[in-house]
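Counting in the working numbering, the sequence shown runs from -10 upward without gaps. Built from N, CA and C at the ideal position, the CB exists for glycine as well. Please read these numbers as outputs of a predicted model, since none were measured by experiment. Working notes, structure below.
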Amino acid sequence: YPYDCTRDWAPQEDTPTADNAFFRWLASVYASTNLAMANPNRRICHYEDFQQHSNIINGGAWHTVPGSMNDFSYLHTNCFEVTVELSCDKFPHVSELPAEWENNKESLLVYMEQVHRGVKGVIRDKVTKRGIADAVIRVEDHDHDIRSAADGDYWRLLNPGEYKIAVWAVGYFPAMRRCHVGMEPRPTICDFTLTKTPNQRLKE
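Encoded structure:
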C-alpha cells in the first residue's frame, strides 16, 4: 500500500500516506480473506516472510518504487490503489491458474465491497439545486483533498469514526459539517449545499 516511493529515496523506509489507516484496512481485507496468504503454514516467498507483517506492507518499507501507479493515483486522482502480489511465481503454469482463482476469488469480492466504506454525497448550489463540479472536499486531520465529479457527486473512503468535513468551490462560501461513518459496509450520505458569494452573483 502507498506510498511506494520513500521521501528521501532510501531503499526501505515506511512512508505512510494521510490515509494510512484506511490503506492498511484495505490491504488487510484482501490478505486476510486470501486462502494462500491466510495459511500460516505456507512457504516463505523468495526468503521474505510477509506473515510477520500480517501479510501487508507499506510499499516504501518493502522497496522504493518511484512513479508507481499507486502513488500517482493517490496524489492526482480520487482513487485509492494497492498492489497485490498474488504468487511467488511471476509466471505460474497454466495448470495452477484454477487454484490461483480459488485463492483470490473471495478476496477480490470483499476488496471491491470496501468501496462502500466512508462518506458520499452531492454538493449543490443552494438556489439552483444543481450539482457543483470540481468542489474541494477536505476531511479534518487527513491531508488529502478530493474533488467532486461533473454532477457534484463525490465519494470519500474512510474508516469508521466521526469526521469534520469541509467543502468549498470557486465563487461559493465554504461549508462544514460532521459526518459519522459506522462499522457496517455502507456509505454515510453527507450532502452539502453551498451559497454563492456576493461577488459571484454580481459577475453573473
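Euclidean distance between Cα positions of residue i and residue j
i, j, result
"Asp180", "Pro29", "44 angstroms"
"Thr239", "Val108", "Lying before the first or after the last residue shown, residue 239 is absent from the chain, which here runs from -10 to 193."
"Thr(-5)", "Gly110", "34 angstroms"
"Leu75", "Thr184", "49 angstroms"
"Leu86", "Cys77", "13 angstroms"
Cβ neighbour criterion (16 or more within 10 Å) applied to residue i
i, result
"Thr6", "buried"
"Gly48", "buried"
"Leu146", "buried"
"Ala88", "exposed"
"Pro176", "buried"
Pick from the options that is closest to residue i, judged by C-alpha positions
i, options, result
"Phe162", "Gly56, Leu97, Leu64, Ile112", "Ile112"
"Asp130", "Pro0, Asp8, Cys34, Val18", "Asp8"
"Ala27", "Glu95, Lys192, Leu191", "Glu95"
"Thr117", "Ser76, Met165, Gln103, Asp140", "Asp140"
"Asp60", "His82, Leu183, Tyr(-8), Asp78", "Tyr(-8)"
"Gln189", "Asp123, Trp90, Val159", "Val159"
Run of the alpha helix (DSSP H) containing residue i, from where it starts to where it stops
i, result
"Val128", "From DSSP, Val128 is part of no alpha helix (DSSP H) but of the beta strand (DSSP E) over 125 to 128."
Any non-hydrogen atom of the ligand ZN closer than 7 angstroms to residue i Cβ
i, result
"Ile33", "Within the structure as shown, the ligand ZN is missing, as the structure has no ligands at all."
Residue span of the beta strand (DSSP E) that contains residue i, given as start and end
i, result
"Lys153", "150 to 157"
"Leu183", "181 to 183"
Alpha helix (DSSP H) segments (min. 4 residues) lying fully within the region 66 to 107 = 86 to 102
Residue ranges of each alpha helix (DSSP H) within the region -9 to 72, 4 or longer | 9 to 22, 48 to 51, 58 to 65
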